[in-house]
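Here is the structure we will look at.
Numbering (the numbering used here), first residue to last: 2 to 299.
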C-alpha cells in the first residue's frame, strides 16, 4: 500500500510537469526542443536509480554498524520533515501550469539546454523524494511491495497519457487530496518510528534506562501459548523463537499498520506525543488547502 501511494503521487506529479511543458512546446511551435525534454526525462530516471542504489548501499552498511539505530532515527526525522514540506509545497503549487509555462519559456530562450535542465532537475527532485520515502517505509516494515511500486507508476503514467494525449478532463483534486493526507499519516508514523529507534539506541548505549514508562504495552510475543490464546491469531517466529500476535507491530497485520501510520504495540510517551503533534500539524496544513478552499468556493 505505501509503495503504491508514494510512487503514484510522485510519478503523477512528474507526469504532469512533463505533460504541461510538452504541451507548451507544441503550442508555441518549439517542437525542436522536445528531444531535450525526453532526454532530460531519461537522464533524470537514470540519476534517480543511481541515487537509490547509493542510498541502499549506505543503509546496508549502516545496518551492521553500532550506530544503526541512530542512523535510522535521524533518517526518519529527515524524511518526515521532507514529507511535511511536500504536503505544504504540493498543496500551495500543485501543477501550476502558468508558473511552469513561464519557466519553460525562460529556459527555452536562455539556451538550447534550458528545457533539458528544467525537466531534469524537476524529475530528479521527484525521484529523490520517492527514493527517500520508499527507503524509510522499507526500514519501518522490513518489506517492499514491488507490485504496489509498479502499479503506482503505471497508473500515474496512464492518467498523464489520458490527460495530455487523449485530451481527457480528469479532476485530479481528489487524487492529490487523498494521497497527500496519506503522506501526513506517513510523516507522523516516521517521526514516531524515529523516536522509537532513538530510544533503542540510547538504551543500548546505556544513556537511559531500559525501564521506560509507556502509555500501553500490549500483545507481547510469547514463548508458549496458553489455552486462552487463539493459535489462529499467532505466528511462530523461528528467528526469535516466539509466537507473535498478528496485531503486534511485528505481526502480519500490525506491520502493515506500523508502516502506514506508525502503529506501535509499546510506544514510549515521547513517541506518542510526537506522533500526535506531527499528525495535528500535518492535518492542519492539509485541511487548510484541501477543505477550507473547497468550502470557500461553494
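Glycine is no exception: its CB is placed at the ideal position from the N, C-alpha and C atoms.
Sequence-distant partners of residue 248 (beyond 5 residues in either direction) whose C-beta falls short of 7 Å from its own C-beta, in its chain, are 220, 254 and 255. Scanning its chain for C-beta atoms nearer than 6 Å, with the 5 sequence neighbours on each side dropped, one finds no residue around residue 111.
Counted as a single uninterrupted DSSP element, the beta strand (DSSP E) harbouring residue 246 occupies residues 243-246. In this structure, residue 64 lies away from residue 191, with their beta-carbon atoms at least 7 Å apart. Excluding residues up to 5 positions away in sequence, 18 lie with their Cβ nearer than 6 Å to the Cβ of residue 123 in the same chain.
Residue environment for residue 133: buried (at least 16 other C-beta atoms within 10 angstroms of its C-beta).
For residue 235, the enclosing beta strand (DSSP E) begins and ends at 235-238. With fewer than 16 other CB atoms across the displayed protein chains lying within 10 angstroms of its CB, residue 212 is exposed.
With a cutoff of 7 Å on beta-carbon distance, residue 77 and residue 252 are scored as not near each other.
By the neighbour-count criterion, in which 16 or more other beta carbons inside 10 Å mark a residue as buried, residue 278 falls on the exposed side. Counting only the Cα atoms, residue 245 lies some 41 Å from residue 290. Straight across, the Cα-Cα distance linking residue 140 with residue 52 is about 17 Å.
Per DSSP, the unbroken alpha helix (DSSP H) holding residue 204 starts and ends at 174-205.
Pairing residue 43 with residue 161 gives a Cβ-Cβ distance that is not under 7 Å.
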